[in-house]
Amino acid sequence: YIRCYYFAVKTLITIGGLPDPTTVFEIVFQLVNYFVGVFAFSIMIGQMRDVVGAATAGPAYYRSCVDSTVKYMTVYKIPREVQNRVKTWYDYTWQSQGMLVKVGDLSLQIDEQELLIQLPDKMRLDIAVDVNYSIVSKVALFQGCDRQMIFDMLKRLKSVVYLPGDYVCKKGEIGREMYIIKAGEVQVVGGPDGKTVFVTLRAGSVFGEISLLAVGGGNRRTANVVAHGFANLFILDKKDLSEIMVHYPESQKILRKKAKKMLTKDKKPPEEKGVGKDSGQVIPRRPETPKLFKAALVVGKGETFAKLKETYKDTGSTLE
Numbered sequence: 001y002i003r004c005y006y007f008a009v010k011t012l013i014t015i016g017g018l019p020d021p022t023t024v025f026e027i028v029f030q031l032v033n034y035f036v037g038v039f040a041f042s043i044m045i046g047q048m049r050d051v052v053g054a055a056t057a058g059p060a061y062y063r064s065c066v067d068s069t070v071k072y073m074t075v076y077k078i079p080r081e082v083q084n085r086v087k088t089w090y091d092y093t094w095q096s097q098g099m100l101v102k103v104g105d106l107s108l109q110i111d112e113q114e115l116l117i118q119l120p121d122k123m124r125l126d127i128a129v130d131v132n133y134s135i136v137s138k139v140a141l142f143q144g145c146d147r148q149m150i151f152d153m154l155k156r157l158k159s160v161v162y163l164p165g166d167y168v169c170k171k172g173e174i175g176r177e178m179y180i181i182k183a184g185e186v187q188v189v190g191g192p193d194g195k196t197v198f199v200t201l202r203a204g205s206v207f208g209e210i211s212l213l214a215v216g217g218g219n220r221r222t223a224n225v226v227a228h229g230f231a232n233l234f235i236l237d238k239k240d241l242s243e244i245m246v247h248y249p250e251s252q253k254i255l256r257k258k259a260k261k262m263l264t265k266d267k268k269p270p271e272e273k274g275v276g277k278d279s280g281q282v283i284p285r286r287p288e289t290p291k292l293f294k295a296a297l298v299v300g301k302g303e304t305f306a307k308l309k310e311t312y313k314d315t316g317s318t319l320e
């Protein structure tokens with residue numbers, strides 16, 4: 001039986017060319033030797049698989065996200081143009097950052113805040129300062145504010161990637177966020193055709209701050225903002241800023257003053273200030289003169305002119 005078992009094991013692990021054992025002790029020893037070698041070899045192969053799997057975990061997750069998203073769009077018959085834009089976003093995000101970050105309402109991605117959620121608050125702040133402080137500190141709107149308030153704000157910023165031609169915000173929308181350009185460019189467009197470029201904003205620029213700092217809320221965007229090329233933007237929500245400013249009243253006063261200066265300087269239209277069109281007129285327009293009164297006035301002027309002419313003639317004859 002032992003000899004048959006030895007032959008079966010030898011055949012199973014495909015080992016040959018060795019002299020066969022003759023005694024029972026030699027057979028048992030050789031079986032133990034075979035099993036130890038097989039276990040050691042399997043452990044080595046398993047470790048190699050884990051190393052390769054860890055090295056390719058990111059690309060594997062990326063391919064899984066892309067495949068799942070493409071399958072979803074195919075099932076719901078999403079237009080081909082939209083599918084191509086989604087694929088372009090995945091490609092750009094992966095090539096530029098090496099990871100998938102949150103964008104829009106898509107669910108198959110990693111949020112930067114989710115990556116750091118397990119870290120202590122102090123470590124998250126240190127990372128946020130190292131990554132984003134150099135950009136936010138250059139924003140003129142926050143200059144003069146409490147340094148700690150800016151640190152708290154850094155932890156609330158959300159990074160979003162926009163593709164070329166994507167609308168960051170549209171005219172008439174309710175403004176609930178402020179945008180800080182981290183990388184890339186955006187253009188403020190408008191005009192009759194909606195394609196006239198008013199201004200191009202680059203890295204470090206801010207827009208949407210009026211809607212964010214307004215007390216009443218409900219302010220509407222006054223122009224369309226479109227990404228000019230790939231753009232990476234920080235978004236600060238109005239609710240998050242309000243929660244932060246409660247603890248920094250002095251910084252809140254500074255931001256309010258700057259917001260008032262911006263409103264005065266830019267002369268925002270009524271819909272941006274949250275008031276009606278008629279309220280923008282300090283002195284109301286004079287009502288139009290009735291037509292009947294105009295006719296009477298013309299007749300009166302004619303009669304008065306005739307009387308003055310006769311009086312002038314009489315005076316002239318007397319002088320002569």
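The UniProt record's numbering applies: residue 1 is where the sequence shown begins, and numbers increase by one. Each residue gets a CB set at the ideal place from its N, CA and C atoms; glycine is no exception.
Determine the direct distance from the alpha carbon of residue j to that of residue i, and round the result to whole angstroms.
| i | j | result |
| --- | --- | --- |
| Tyr34 | Ile45 | 17 angstroms |
| Lys261 | Asp166 | 30 angstroms |
| Asp50 | Val32 | 27 angstroms |
| Ile27 | Ile2 | 7 angstroms |
| Asn224 | Ala183 | 19 angstroms |
| Glu250 | Ser205 | 24 angstroms |
| Asp240 | Thr200 | 27 angstroms |
| Asp67 | Lys195 | 35 angstroms |
| Ser64 | Pro164 | 25 angstroms |
| Gln30 | Gly58 | 44 angstroms |
| Glu81 | Lys170 | 21 angstroms |
| Asp146 | Tyr248 | 7 angstroms |
| Asp126 | Gln148 | 12 angstroms |
| Met73 | Thr56 | 26 angstroms |
Go ahead and label residue i buried or exposed: buried means 16 or more other beta carbons lie within 10 angstroms of its beta carbon, across all protein chains shown.
| i | result |
| --- | --- |
| Glu272 | Confidence at Glu272 is low in this model, with a pLDDT of 42, below 50, so its placement is unreliable and the value that follows should be read with caution. By the 10 Å Cβ count, Glu272 comes out buried. |
| Ser279 | In this prediction, Ser279 scores a pLDDT of 33, lower than 50, which makes its location untrustworthy; the coordinate-derived value is nonetheless stated afterwards. It counts as exposed. |
| Arg221 | buried |
| Asn84 | exposed |
| Gly37 | exposed |
| Phe39 | exposed |
| Met48 | exposed |
| Asp121 | exposed |
| residue 325 | Coverage of the chain is limited to positions 1 through 320, which leaves residue 325 absent and any answer about it impossible. |
| Ile174 | exposed |
| Leu119 | exposed |
| Ala227 | buried |
| Arg43 | A small correction: the amino acid at residue 43 is Ile; Arg does not occupy that position in the sequence shown. Exposed, by the Cβ-count rule. |
| Phe234 | buried |
| Ile244 | buried |
| Tyr5 | exposed |
| Ala128 | buried |
| Ser317 | Residue placement at Ser317 cannot be trusted, given a pLDDT of 44 that sits under 50; what the coordinates show is reported in the next sentence. Answer is exposed; the Cβ neighbour count stays below 16. |
| Val168 | buried |
| Ile13 | exposed |
| Ala8 | exposed |
| Phe25 | exposed |
| Phe207 | buried |
| Leu154 | buried |
Give a yes or no on whether the minimum CB-CB distance between residue i and chain C is below 9 angstroms.
| i | result |
| --- | --- |
| Ile135 | Any reference to chain C falls outside this structure, which holds one protein chain only. |
For residue i, which option in the options has the closest C-alpha, if you only look at C-alpha atoms?
| i | options | result |
| --- | --- | --- |
| Glu209 | Leu255, Val197, Glu185 and Arg202 | Leu255 |
| Ser242 | Asp152, Tyr62, Val66 and Trp94 | Asp152 |
| Arg156 | Gly144, Leu163, Met178 and Pro164 | Met178 |
| Asn132 | Leu12, Gly191, Gly218 and Ile181 | Ile181 |
| Leu236 | Lys195, Thr23 and Ser159 | Ser159 |
| Gly172 | Gly190, Pro164 and Thr56 | Gly190 |
| Val86 | Asn219, Val70, Val9 and Arg202 | Val70 |
| Val197 | Val186, Glu81 and Gln148 | Val186 |
| Gly218 | Lys238, Arg202, Ala203 and Asn232 | Lys238 |
| Lys253 | Phe25, Thr264 and Leu213 | Leu213 |
| Asn232 | Lys257, Val139, Thr264 and Ala203 | Ala203 |
| Lys258 | Thr11, Val139 and Ala60 | Val139 |
Would you grab the beta carbon distance between residue i and residue j for me? Rounded to a whole angstrom, and I think it's under 8 angstroms.
| i | j | result |
| --- | --- | --- |
| Phe142 | Ile150 | 6 angstroms |
| Val161 | Trp89 | 7 angstroms |
| Tyr62 | Phe230 | So it is not a contact: roughly 17 angstroms between Cβ atoms. |
| Arg176 | Ser211 | 7 angstroms |
Just to confirm the assignment: which complete beta strand (DSSP E) runs, minimum length 3, are found wholly within the UniProt domain "Cyclic nucleotide-binding" (141 to 245)? 158 to 162, 167 to 169, 177 to 190, 196 to 201 and 224 to 237
Length at least 4, wholly inside the stretch 12 to 57: the alpha helix (DSSP H) runs in chain order: 24 to 55
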